[in-house]
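Protein chains in written order, with my numbering: chain A, -13 to 143; chain B, -13 to 143; chain C, -13 to 143; chain D, -13 to 143; chain E, -13 to 143; chain F, -13 to 143.
Number of protein chains: 6
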Amino acid sequence: MASEFTHLDETGAARMVDVSGKDVGARAAVATGRVLLSAEAVALLRSGEVPKGDALGVARIAGIMGAKRTPDLIPLCHPIALHGVKVTLDVEDQGVAITCRVKTADRTGVEMEALTAVSVAALALIDMVKAVDPAAAITDVRVEEKTGGKTGHWTRP
Amino acid sequence: MASEFTHLDETGAARMVDVSGKDVGARAAVATGRVLLSAEAVALLRSGEVPKGDALGVARIAGIMGAKRTPDLIPLCHPIALHGVKVTLDVEDQGVAITCRVKTADRTGVEMEALTAVSVAALALIDMVKAVDPAAAITDVRVEEKTGGKTGHWTRP
Amino acid sequence: MASEFTHLDETGAARMVDVSGKDVGARAAVATGRVLLSAEAVALLRSGEVPKGDALGVARIAGIMGAKRTPDLIPLCHPIALHGVKVTLDVEDQGVAITCRVKTADRTGVEMEALTAVSVAALALIDMVKAVDPAAAITDVRVEEKTGGKTGHWTRP
Amino acid sequence: MASEFTHLDETGAARMVDVSGKDVGARAAVATGRVLLSAEAVALLRSGEVPKGDALGVARIAGIMGAKRTPDLIPLCHPIALHGVKVTLDVEDQGVAITCRVKTADRTGVEMEALTAVSVAALALIDMVKAVDPAAAITDVRVEEKTGGKTGHWTRP
Amino acid sequence: MASEFTHLDETGAARMVDVSGKDVGARAAVATGRVLLSAEAVALLRSGEVPKGDALGVARIAGIMGAKRTPDLIPLCHPIALHGVKVTLDVEDQGVAITCRVKTADRTGVEMEALTAVSVAALALIDMVKAVDPAAAITDVRVEEKTGGKTGHWTRP
Amino acid sequence: MASEFTHLDETGAARMVDVSGKDVGARAAVATGRVLLSAEAVALLRSGEVPKGDALGVARIAGIMGAKRTPDLIPLCHPIALHGVKVTLDVEDQGVAITCRVKTADRTGVEMEALTAVSVAALALIDMVKAVDPAAAITDVRVEEKTGGKTGHWTRP
């Protein structure tokens, strides 16, 4: 039944769902999100006056490492192999757009890994700019596309 | 200079800022965020027809544990003591509102811990409902209030 | 030779045993354990007077997450995939009975994961009740059943 | 009120209890436990015929490292400093007796750290002997003594 | 092109390289390293006067556990299965020689796991002897041999 | 007695040494190390032809994060606060020189944290260049200077 929370059993108790019966297959997911920043913080990220060597780099690496920590953070996520993780950060007028693509060949989808990577990259970016912009906010963290598995290709409606 | 990224040195290289000179003192932070859900997912969370024992509980615990993992996830965060963490989830018409309050007595603020707790709780909630609502999104993750330290009391403008 | 500690080489040095030659196959294990509690703590867990929303839920989730941390905790355990983890807690007159079932399809058995889940769930439960019952004890943590692998089906004699 | 679960708030929701108001002070705890083993496994641990260099050493080190992982494993435990951890394993006729002593100077007691160290040492020992004795069991894991903090000196009744 | 850093994309941004197209196959790596110690520290390690039960054992176990932590430590390493890890420490006149052999059957090589195991074993050994020899140094940590994968058998020239 | 391994008790068993009696005070350590690279790899790191945005940045961040993981990796290290971590990488003719400075105010020194940061930065750098230079080696990882604590100021002889 599509309307049930699959992570809960019939008594409402949490469980790691048994995926033994699922096929191993190529799966991928794309998630995106944005960090809304003040004009000053955006100008600083774009400016040539302040060295920014690692500014976006720290967030990108935090995102990639965050993808690997997904089963440690999300209680019911299966520990799975990850075959590729790419995190992109684009400075825009209102802040920074983050995109993460994750690939695997395993028994479960990787949308949680992609969402976690975007979230951790966003958190690390906020940590970088918080002295300049304490009001920075994370918004629109969501799955855009998902391929593989029984449900096949899903794109955000 | 307020306009510099304090986590970067003069060459743009990332560093964990030296806080030896900061005073140990009571500090607290409140962060909030929301998970936007479909009407079906909200109805399911509110409905009595499906047992939901652990549905919100998993997210709450994931958030509390996430606060403790902050220095593991955010590259330049200092490992600090945490003296209290509270995560609240409220089911609303559009989804679930999440609030986290963190307290400590240490040399750095705890707004990153509060933001991380909200983000991880939100991710865990999405993991719970994703079979029902694959389009769930995290939005408005931000610091609302911060007390203690040199900057004193800050509230979101 | 059955009487050797397989985790030690011929000089007595610890090693992670080479399982390259073992077949990938479906494997499962069931472990159980009990937390002995005072009558007051049991009554509190059963009582409707005190809200207990997360009381057993925290222990259940800690157990599931503990199963995933097994290779981090047990020095010579192989990092393996987990395909399903279920932790059950039943309040009984003398305390709480804990059962964990773990499934995988990999090269090693999952009895250590099941035992670790039971132990961590038990520890988390003690943490919940320790203000009420500082004398709580964990007992009878053991493998009940194990299937898959070269040794096939094993049940506790 | 002594009869409440301090880790749950008035709605039954789990929280990391605020210990800001507690004094920093010297605290210590002793926990014990036993691993019940077959006569064959005990004989092997005592025998000089098989090199056992790391047999007990692996369990001892796993226990010490386990103490440090307590806040990662137990959802509501505070991350605290540890000033000393000692794990002792004694081979007895029925198995192995484990004792752990933990010291700190912080705002919370360390009985959960001591119990976790005993449990992880016991699990690691079972992992070492499981090919010889698949029926090994952990029993009697409990706090023996606790000093420091508001409650002062507590010994197992 | 052999001269490119495969972990960077065409813009210089770090990524976890996509290995979906690589074959799963048996792979192995051997890495070595040395800890240079004072004559006093070497004599102590060799002497029968001071009990040294766990001296080398701690380093050996730290190395094995370190191999498992490789994807947590090295930002762009893939999380992979490990099928066997062996760490050897030999006391020599100038210090201690460390060798690690790692085996797997996965899509990437295991030389980083072998190097990490050697490094962590070396660090743990220095931690053991640092009160006696604060000038201890790690040297010559390097891959000696690597088999499996597209590049086949590689031995240090 | 200076000639004893402080991490072993009188029976040779490993322990986390009790530092309760040590004073909390400002402590710092500097460690260095080098990664020896082929001329081709050095030229690539220096060349403007290949984008190298994150090449050294990944290693720098891995080092900083590695410092925070020290108590997880080194079995007998105390979990302590870190107040500042700085990792510097300089490309030289023979490879890359790495320096790490760590500061704290706690009961134990931070030389292990500094050594771990250098080692992990070196491992991450090797991971970046290994496709170009499979023979890269880590050498001369050692403490240069240490201040604070009972032993006061120590500099490498």
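Every residue, glycine too, gets a C-beta built ideally from N, C-alpha and C.
By the neighbour-count criterion, in which a residue is buried when 16 or more other Cβ atoms sit within 10 angstroms of its Cβ, Ser105/D is buried. In summary, Val5/D is buried, with 16 or more beta-carbon neighbours lying within 10 Å of its beta-carbon over all protein chains present. Residue environment: Arg20/C is assigned as buried (16 or more neighbouring CB atoms within 10 Å of its CB, all protein chains considered).
Residue pairing for Val82/F: DSSP places it in a beta bridge opposite Val21/F and Val77/F. Listed as beta-bridge partners of Thr133/A by DSSP are Ala14/A. Under the Cβ criterion (8 Å, minimum of three pairs), the segment 128 to 143 of chain E does not count as touching the segment 74 to 93 of chain F.
Residue-level contact check: Glu131/F does not touch chain E, since none of the beta carbons of chain E fall below 8 Å from its beta carbon. Non-local beta-carbon contacts of Pro57/E in its own chain, meaning distances under 8 Å to residues more than five positions away in sequence, involve Cys63, His64, Pro65 and Ile66 in chain order. Residue-level contact check: His64/A touches chain C, since one or more beta carbons of chain C fall below 8 Å from its beta carbon.
With respect to the 8 Å criterion, Trp140/C and Pro143/D are not classified as neighbours on the basis of their beta carbons. For Thr90/A, the three-state secondary structure derived from DSSP is strand. Each of Ala108/A, Ala100/A, Ile124/A and Ala123/A was checked against the Cα of Val16/A, and the nearest Cα belongs to Ala100/A. Counting every other CB atom within 10 Å of its CB across the protein chains shown gives Ala110/D a total of 16 or more, marking it as buried.
Neighbours of Arg13/D in chain C, taken as residues whose beta carbon is under 7 Å from its own, are absent, since the nearest beta carbon is some 14 Å off. If you keep only unbroken alpha helix (DSSP H) runs of at least 4 residues inside the segment 25 to 68 of chain F, you get 25 to 32, 41 to 54 and 56 to 59. With respect to chain B, the C-beta atom of Gly138/F has no partner C-beta closer than 8 Å. Residue nearest to Asp76/B within the set Ser24/B, Leu42/B, Thr102/B and Ala48/B is Leu42/B (criterion: CA-CA distance).
Cα atoms of Ala107/A and Arg55/D: separation of roughly 25 Å, rounded to the nearest angstrom.
For Glu97/B, the number of other beta carbons within 10 angstroms of its own is at least 16, and it is reported as buried.
With fewer than 16 other beta carbons inside 10 angstroms of its own, Gly7/F counts as exposed.
Residue ranges of uninterrupted alpha helix (DSSP H) with 4 or more members, entirely inside the segment 90 to 129 of chain A and ordered along the chain, are 97 to 115.
Taking 8 Å as the threshold, the shortest C-beta distance from Ala121/C to chain A does not fall below it. Sequence-distant Cβ neighbours of His(-7)/B in its own chain, meaning closer than 7 Å and more than five residues away, are Ala0, Arg1, Val3 and Leu62. Annotation for Val118/B: Ser24, Glu26, Ala27 and Leu30 place their beta carbon closer than 8 Å to its own, counting only its chain and skipping 5 residues before and after.
For Ser6/D, the closest Cβ of chain C is not nearer than 8 Å. One thing to note: Arg128/B has its Cβ within 8 Å of the Cβ of Thr18/B. A Cβ-Cβ distance of about 14 Å is found for the pair Thr102/A and Ala45/A, leaving them out of contact under the 8 Å criterion. Using a CB distance cut-off of 8 Å, Gly95/F does not count as an interface residue toward chain A. The beta carbon of Gly11/F sits closer than 6 Å to the beta carbons of Gly134 from its chain, once the five residues preceding and following it are set aside; these are given in chain order. Listed in chain order, the positions of the segment 80 to 109 of chain B with a beta carbon within less than 7 Å of a beta carbon of chain C would be empty, since no residue qualifies.
In this structure, Thr94/C is the residue among Thr94/C, Leu59/C and Ile50/C with its C-alpha nearest to the C-alpha of Asp9/C. Restricting attention to Arg13/D, Ile124/D, Glu130/D and Glu131/D, the CA atom closest to the CA of Gln80/D is found in Ile124/D.
Residue pairing by DSSP places Lys72/E opposite Arg87/E in a beta bridge.
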